[in-house]
Structures are given as C-alpha cells and as structure tokens.
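Line order of the protein sequences matches chains A and B. Plus 16 on top of the position in the first sequence (first one is 1) and you've got this note's numbering. Plus 16 on top of the position in the second sequence (first one is 1) and you've got this note's numbering. C-beta: ideal position from N, C-alpha, C; glycine also.
Number of protein chains: 2
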Amino acid sequence: MTFLDPTEGAALAVQLDGKGPLFAQVKRAFARRILDGALAVGDRLPSEERIAETLGVSRQTAHKAIAALAREGFLVRRRKAGTFVAAKRRDSFTLPIPDIGEVVAERGGVYQYRILSRREVVNGRDGLRWTDMADSAPLLELEVLHLADGVPLQVESRWINLAVAPDAVDEDFRDTPPGRWLADHLPWSTADHTVRAVGASAEMASLLEIDRGAACLLVERRTQNLGRPVTLVRFTSVGARHVLRGTTRSSTVTELGLDAGLEGAEEPRPSPGSGDGSRP
Amino acid sequence: MTFLDPTEGAALAVQLDGKGPLFAQVKRAFARRILDGALAVGDRLPSEERIAETLGVSRQTAHKAIAALAREGFLVRRRKAGTFVAAKRRDSFTLPIPDIGEVVAERGGVYQYRILSRREVVNGRDGLRWTDMADSAPLLELEVLHLADGVPLQVESRWINLAVAPDAVDEDFRDTPPGRWLADHLPWSTADHTVRAVGASAEMASLLEIDRGAACLLVERRTQNLGRPVTLVRFTSVGARHVLRGTTRSSTVTELGLDAGLEGAEEPRPSPGSGDGSRP
DNA sequence: CGTGGGATTATGTACGTACAAAATGAACCT
DNA sequence: AGGTTCATTTTGTACGTACATAATCCCACG
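If you want it as structure tokens, here you go:
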C-alpha cells in the first residue's frame with residue numbers, strides 16, 4: 017500500500033481555519049484549493065475516510081462537505097472510483113428577469129401599466145396554437161403596456177391556461193399586473209426561456225414610441241406546474257431603455273466568503289474602450 | 017397541548033411512496049404538497065421531530081429532506097419559530113450562455129473563428145479603463161469574429177487580466193478560441209452579466225455583414241477568481257441569427273421527477289398568435 | 001406598565017455505527 | 001482468449017445520541 021501518492025500531497029495539504037461549522041471549514045478548504053489551482057481538473061481526492069482521518073473529523077462531516085461541493089459542480093463522485101475535481105464547463109449563469117415594476121421603482125421612477133386588451137380565447141383557433149396544450153383548451157389572452165415616468169418600456173403579451181388558473185377569469189388585473197398575480201397564486205416547477213434581439217415591428221414601434229426596426233429585447237417564458245402549462249408570456253422591451261443584469265456565484269463562494277472585495281460591484285461602471293462598441 | 021392544529025392536517029397528510037431513498041421520499045412528498053397548493057405560502061410545517069415521528073423516520077432523515085427544500089427556496093426555517101412555506105418570489109432563472117462554437121456544431125454547421133486583433137495594453141491608457149482593476153495593470157486585448165458556415169454570427173471583444181493569467185501572453189489562440197482556453201485554464205468564482213439589445217454600429221455592421229442599426233444581442237461578462245478580475249468580454253451577436261435558450265427547474269423537481277411529460281419540449285415550437293409579434 | 005432575563009423550543013452541527021449500492025478490478029472458469 | 005463471477009473499495013443512506021445555537025415566550029421584578 018502506498019502511503020502518499022503524488023496527488024494526495026496537494027489534496028491533503030488543506031487546512032482548517034477554525035471559523036464556523038466544521039463541515040463548512042472542510043468545504044471552504046477544498047473549494048479554495050480548487051479555485052487557486054492547487055487541485056487541477058481531474059485530480060483525485062482521497063477517500064472520505066482518509067480525509068476524515070487526516071483532518072480529524074468524523075466521516076459524516078467530511079461527507080457533508082464533499083457531497084455539497086459535488087452538488088455545486090466542483091467535484092464529481094463515483095462509487096468505488098473516488099472523487100475527482102470536475103471539468104467545470106460552467107456556462108450556465110443565473111440571470112434574474114425581474115418584474116419590470118420593481119425595476120422602475122428601484123430606479124426611482126413612477127411605474128404604471130395599462131391593460132391594452134383582454135379576451136378569452138381557445139387554443140387552436142384564429143391562428144393561435146400553443147403546442148404544449150390540447151386544442152380547444154380555454155386561454156386568457158392579455159396585452160399589457162408597462163411605462164416608467166409615462167414612457168413606454170415594455171409590451172407584455174401573455175396567455176394564461178385557464179384550466180390550471182381558473183381564478184384568472186374573475187380578475188381584471190387593475191390593481192395587480194398579471195405577472196405578479198400569477199406569482200402570488202400559482203407556483204411553477206419548470207420555466208423555459210428564450211432571449212433574443214429583434215427589430216421593432218410597426219405595431220411594437222407605435223406602442224413603444226420608438227422607430228420601426230429599433231433594437232428590442234424579446235424575452236419569452238413558458239412556465240409549468242407539475243407538468244401542466246401555466247402561462248406563456250413575451251416581453252418586448254426597448255433596447256435602449258432596459259437591461260438584464262445578474263451575478264452568478266456558487267453558494268459555496270457566497271456562504272464561505274471566498275471572494276474578496278464584493279462591495280462596490282453593484283453600480284454601473286464606465287466601460288473599457290472608447291464608447292461601448294455598439295452605438296455610433 | 018393541541019394534538020392537531022389546522023395546518024398540521026395538511027402538512028402531515030404527506031405520504032411516502034416507497035420509491036428511492038427515504039429522505040428523497042420525504043422531500044418529494046412535501047415538494048408536491050407545496051407545488052399543488054395544499055401547503056400555501058406562509059403555512060407552518062410541524063417540527064422535524066414531529067415529522068420524523070409521524071412518518072416513521074429518524075430526525076436526521078427528516079432534517080436532510082427539509083433542509084434541502086429550504087436550500088432550494090421552497091421553505092424558510094427559523095430556529096425556535098419553525099419551518100414555513102416560502103413566498104417564492106422566484107424571478108431568477110438560469111440562462112446558459114453557451115460557447116458559440118458548440119452552438120454551431122450542434123446545429124450541424126461549420127464553425128470557424130478569426131482573430132481580428134490581438135495586442136497587449138495597459139489599463140488606464142488610450143481611453144481604456146477597466147474599473148475593477150488597478151491602473152497600469154497589464155491586459156491582453158482580443159477581438160474575435162465567430163462564423164457559422166462562413167456567415168458572421170458574433171463579434172467577441174475581450175480583455176484578459178495578465179496578472180492573473182500570465183500564460184495568455186504565450187498563447188496565439190489559433191487552435192483554441194480565448195473563451196475555451198480560459199475555461200480550461202482558470203476557474204472563476206463569480207461572474208457578472210448584462211444582456212441588452214442594441215442597434216449595430218457602423219463598425220459592427222460591416223464585421224457582421226448586416227445593416228447598420230440592425231438588432232443585435234449584446235452580452236457582457238466579467239469574471240473573477242477569488243476576488244481578482246479575470247476577464248471582461250462582450251459578445252455582440254446578430255439578433256436574427258442567435259438566441260439564448262434555457263430551462264429552469266429546481267433540482268428537487270428534476271431529481272425527483274415531479275414534472276410530467278418532460279420529453280419533446282426541446283424542439284422549437286410554432287408560436288401562438290399570427291406571426292411572432294416582433295418582425296414585420 | 002415596561003423590561004430584563006431566563007426557560008423553552010426548534011433548528012443546526014457533530015460523532016459513532018451500521019448496512020446498502022455501485023463500480024472496479026482481479027481471479028477464475030470455460 | 002474471452003467472458004463471467006466475485007471480493008473489495010468507495011460513496012450513499014439511515015439511525016441514535018448528544019450538544020450547540022438562535023429565537024421566542026413568558027414570568028418576575030423593578
């Protein structure tokens with residue numbers, strides 16, 4: 017039996033810092049080694065038993081830490097084979113697509129919205145077909161204009177599955193916009209999104225008071241509850257007036273304070289390059 | 017002592033189905049009750065001890081299940097106060113922003129890229145300032161054009177912090193585009209994104225072979241490693257040729273198979289409404 | 001009436017033990 | 001040579017116990 021294979025040297029050089037719960041210390045120690053490159057992609061970690069023994073903790077404590085890192089994508093585990101540093105092809109980022117009303121309120125503007133149209137329709141009629149759903153399913157169709165300080169920001173086109181949300185029939189959405197109403201009434205289990213840039217159609221241009229063809233951000237969302245379609249909605253926002261913004265940080269990094277200077281990273285910063293490389 | 021307060025009736029009506037690990041059964045049972053509305057926002061769950069007792073499992077097993085649901089945002093826990101169904105203002109969605117090369121390959125196209133320019137620069141000079149970083153820090157500036165079947169898809173403007181990634185100096189990025197090279201060489205701990213729609217500048221228009229002012233998707237990403245800036249990159253993609261697509265599903269829903277018919281949801285579906293409401 | 005300080009309760013962490021399940025690799029048999 | 005079985009390693013789950021920690025509630029005291 018070998019006492020120390022080469023990789024074990026690096027893997028076991030982790031050190032606990034005595035701050036916070038034990039399992040968090042173990043977690044942080046390994047996460048730091050991975051992020052600073054001491055543990056490279058593909059490296060094998062010692063077994064839980066060995067880690068526990070070396071660090072002087074119980075096996076469950078080691079397990080809790082290592083399993084959490086695996087859950088977050090830092091490690092890959094295979095029974096009998098062992099635990100390995102994951103090839104983090106991490107190209108998934110959380111991008112909040114917030115309620116437009118909240119965005120406006122945060123910017124200190126006055127938020128308003130107008131219900132442009134509201135009618136009950138049937139799937140499969142009038143050139144309308146929502147393919148996740150059965151034909152002839154009853155839908156509520158809404159068109160909403162969102163404004164900030166009286167300036168149009170976004171057009172919302174929404175279809176609500178009345179079979180799942182029958183209460184929506186009795187709602188006029190005068191006090192609560194449909195997005196918020198749905199969030200308050202129906203949880204969803206799955207959401208599909210597409211994000212694209214489009215030129216404004218003639219209709220959109222007049223609604224949003226912009227030039228035809230002007231760049232707009234089009235976000236489409238389909239949500240489901242336990243497999244049943246809940247709502248399909250399209251947000252068309254004026255490109256020059258609306259931006260999506262988000263930070264992605266694994267919970268290990270957040271909880272364990274691995275990133276330094278996190279403050280001051282919120283406000284918009286001047287961009288490198290002369291101009292922003294997009295507008296003339 | 018009350019034997020059954022009103023909420024406990026609903027909370028304890030959960031039932032194990034005997035499939036898979038015990039803790040997963042407990043997790044699934046409660047998740048289902050939350051999603052189907054039997055447990056409404058604000059409802060209080062019985063204590064771990066009580067749940068364990070009622071379901072005939074140990075307290076740690078109940079704890080593991082309930083703690084996992086709390087981690088995923090279904091529940092909120094407060095010592096002494098108890099466990100409550102969370103007001104899920106869930107407006108965060110994971111949106112993969114994939115490597116453009118992989119996107120093209122998946123669509124069956126021929127992917128190519130061209131390094132348009134590559135130079136070493138210094139922060140704070142020539143109108144360039146990356147405010148996360150110290151002035152006079154050495155940077156590598158790159159401009160890359162990505163093509164599918166010879167058609168321009170995306171322009172990538174990138175700055176790499178040479179203090180953190182010194183190896184980049186010796187890399188000509190002929191065989192590996194900078195995005196992939198970085199992913200393989202440097203893990204990141206934090207990523208900030210902004211997504212917006214912009215009209216193509218004259219320069220962009222000529223590079224991408226589109227009309228000036230045509231809608232483009234502009235994605236900006238800043239990544240850090242343990243608090244140190246790694247790279248800042250802007251992707252400008254032709255709106256008509258590129259879409260971001262993503263599915264958000266809590267891991268409970270995925271792992272425990274709570275959503276029905278998940279298959280067949282991948283391919284693009286015809287849209288409701290006549291036309292897609294965006295292009296003339 | 002307010003307030004401060006416990007007793008109480010619920011969650012959080014930790015350890016030991018035990019067994020289950022999966023996957024590897026080696027011995028074995030044909 | 002080739003495939004199959006089986007022992008072994010490693011992770012995964014489960015239970016019991018114990019104590020730590022936070023927050024609430026309530027009572028006693030000023």
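In DSSP terms, what residue i is bridged to
i                : result
ASP208 (chain A) : A:ARG238, B:THR263
LEU156 (chain B) : B:GLU136, B:ILE176
ARG250 (chain B) : B:SER173, B:GLU236
PRO112 (chain A) : B:SER108
PHE100 (chain A) : A:ARG60, A:VAL92
ILE131 (chain A) : A:VAL160
ARG244 (chain A) : A:ASN241
GLY229 (chain B) : Paired residue(s): none; GLY229 (chain B) is not in a bridge.
PRO168 (chain A) : A:LEU163
GLY215 (chain B) : B:ALA231
Contact set for residue i: own chain, Cβ-Cβ below 8 Å, skip 5 residues either direction
i                : result
VAL246 (chain A) : ILE176, ASN177, VAL180, ALA181, LEU198, LEU202, TRP204, THR239, GLN240
VAL57 (chain A)  : VAL101, ALA102, ALA103, LYS104
SER294 (chain A) : Its pLDDT being 36, under 50, SER294 (chain A) is placed unreliably by the model, and the measurement read from it follows with that caveat. Within the same chain, SER294 (chain A) has no close Cβ partners at all.
ARG130 (chain A) : VAL160, LEU161, LEU163
GLY34 (chain B)  : GLN41
PHE90 (chain B)  : PHE46, ALA47, ILE50, VAL101, ALA102, LYS104, SER266, THR268
VAL185 (chain B) : GLU136, LEU156, LEU178
ARG190 (chain A) : ILE131
Cβ distance (whole Å) where residue i is taken to contact residue j below 8 Å
i                : j                : result
LEU242 (chain B) : LEU274 (chain A) : 6 Å
ARG134 (chain A) : GLY98 (chain A)  : Actually they are not in contact, since the Cβ atoms of ARG134 (chain A) and GLY98 (chain A) sit about 59 Å apart, beyond 8 Å.
ILE226 (chain A) : VAL259 (chain A) : That belief does not hold up - the Cβ atoms of ILE226 (chain A) and VAL259 (chain A) are roughly 16 Å apart, past 8 Å.
LEU71 (chain A)  : LYS43 (chain A)  : So it is not a contact: roughly 12 Å between Cβ atoms.
ALA45 (chain A)  : LEU32 (chain A)  : 6 Å
ALA207 (chain A) : PHE109 (chain B) : 6 Å
LEU248 (chain B) : TRP146 (chain B) : 6 Å
THR235 (chain B) : ILE113 (chain B) : One point to set straight first is that residue 235 (chain B) is Val, not Thr, in the sequence displayed. Between ILE113 (chain B) and VAL235 (chain B) the Cβ distance is about 6 Å, and since that is below 8 Å, they are a contact.
Other residues of its chain near residue i: CB distance less than 7 Å, five sequence neighbours each side excluded
i                : result
GLY229 (chain A) : GLY215, ALA216
VAL137 (chain A) : LEU144, LEU155, GLU157
LEU223 (chain B) : LEU161, PRO168, VAL171
ASP115 (chain B) : GLY195, ARG196
GLY140 (chain B) : ASP151, SER152
ASP183 (chain B) : HIS201
GLU65 (chain B)  : ARG75
LEU132 (chain B) : GLU159, VAL160, LEU161
MET220 (chain A) : VAL171, CYS232, THR252
VAL73 (chain B)  : LEU38, VAL42
GLU187 (chain A) : TRP197
THR264 (chain A) : PHE109, THR110
Sequence-distant residues of the same chain with beta carbon closer than 6 Å to residue i, five excluded per side
i                : result
LYS80 (chain B)  : PHE39
ILE67 (chain A)  : ALA78
ARG257 (chain A) : LEU169
SER266 (chain B) : GLU88
ASP148 (chain B) : PRO245
SER173 (chain B) : GLU159, ARG250
VAL269 (chain B) : ASP275
ALA218 (chain B) : ARG228
LEU111 (chain A) : LEU260, GLY262
ARG93 (chain A)  : ALA86, THR99
VAL120 (chain B) : TYR127, ALA164
GLY117 (chain B) : TYR127
Residue i CB to nearest heavy atom of the ligand ZN below 6 Å
i                : result
GLU187 (chain B) : Among the components of this structure there are no ligands whatsoever, and the ligand ZN is therefore not found.
Query raised in the report: Are there three or more Cβ pairs, one per stretch, closer than 8 Å when the segment 186–196 of chain B is compared with the segment 200–211 of chain A?
Result: no
Query raised in the report: Would the segment 160–173 of chain B and the segment 109–125 of chain B be scored as touching if the rule is three or more Cβ pairs under 8 Å?
Result: yes
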